[in-house]
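Going by the numbering used here, the letters in the sequence shown line up with residues 25 to 216, in that order.
What follows is a single structure, written as structure tokens, with notes after it.
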Amino acid sequence: MSFSEGVKASPLRDNVRHITTHDSTTGKAIVHSSTPGNWSSFDDGKLGFNVIYTTDKFPPDLNDDEDVKAHDRVRASGKLGLVNPGGTVCRTVDFSPEYECMMHRTQSLDYGIVIEGEIEMVLDSGETRLLHPGDVAVQRATMHAWRNTSKTKWARMVFVLQNCEKVRVGDGLLGEDLGCGVEGLPPSDTAV
């Protein structure tokens, strides 16, 4: 699987991140910054990631832009996996037509929201669900894959991943499992 930093693979509209803050003299809400997506392309351009924002703890510290500085540090480190230990990750993911990502598990509670197209959620039990725009999958550290069911159209999801305690099932302890892995994507326990 190939990895390309700064490459947007899909033809879908780029998204822009708008961060708000407060005017230090009036206390009124203002726009801190507006920036276009920062995309990475995986698996020969069939999968695109745009990390919208991260936090490194919960609750985050918004004073003196500490959360913005923490996000910038994590992004600059190049060590962000799917999950940011102790924090959150908000990410846009684009899937090419008929693409199915690897079966994987994150140590996190995830909200996956379909924005465009249709995506099939595939669980390691063999159970599947077809999600449509506006549908939300709440992933609770489960082994899963995502499959774009369209033969011609790209699909987009937004994910919010929140680090969680390790999950016990019977006598076993579940943790992150990236299956065959993705070139350029480090394990989640290496983030700064």
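We put the CB at the ideal spot given by N, CA and C, even for glycine.
One Cα belongs to Glu29, the other to Cys125, and the distance between them is close to 18 Å.
When DSSP states are grouped into helix, strand and coil, Asn87 belongs to the helix group. Closest in C-alpha terms to Trp63, from the list Ala33, Gly51 and Thr176, comes Ala33. Burial is judged here by how many other beta carbons sit within 10 angstroms of a residue's own beta carbon; Gly141 has at least 16 and is buried.
Where Asp134 is concerned, the enclosing beta strand (DSSP E) starts and stops at Ser132 to Glu140. Taking 8 Å as the cut-off, the Cβ atoms of Thr130 and Leu147 do not count as close. Here Val138 is buried, its C-beta having at least 16 other C-beta atoms within 10 Å.
Assignment of Val107 by DSSP, reduced to helix, strand and coil, places it in the coil class.
Around the C-beta of Ile54, fewer than 16 other C-beta atoms lie within 10 Å, and the residue is accordingly described as exposed. Its Cα nearest to that of Ser65, the residue Asn74 stands out among Ser57, Arg99 and Asn74. When DSSP states are grouped into helix, strand and coil, Val113 belongs to the strand group. Shown here, Arg37 sits in coil according to DSSP, grouped into three states, outside any helix or strand. When only Cα atoms are considered, Gly72 and Leu104 end up about 15 Å apart.
By the neighbour-count criterion, in which a residue is buried when 16 or more other Cβ atoms sit within 10 angstroms of its Cβ, Thr45 is exposed. Under the 8 Å Cβ criterion, the region 168-182 counts as touching the region 110-120, having at least three qualifying pairs. Residue state for Ala94 is assigned as helix, using DSSP reduced to three classes.
The beta carbon of Arg41 is closer than 6 Å to those of Thr59 and Ile76 in its chain, skipping five residues each way along the sequence.
Distance from the CA atom of Glu200 to the CA atom of Thr49, rounded to whole angstroms, is 45 Å.
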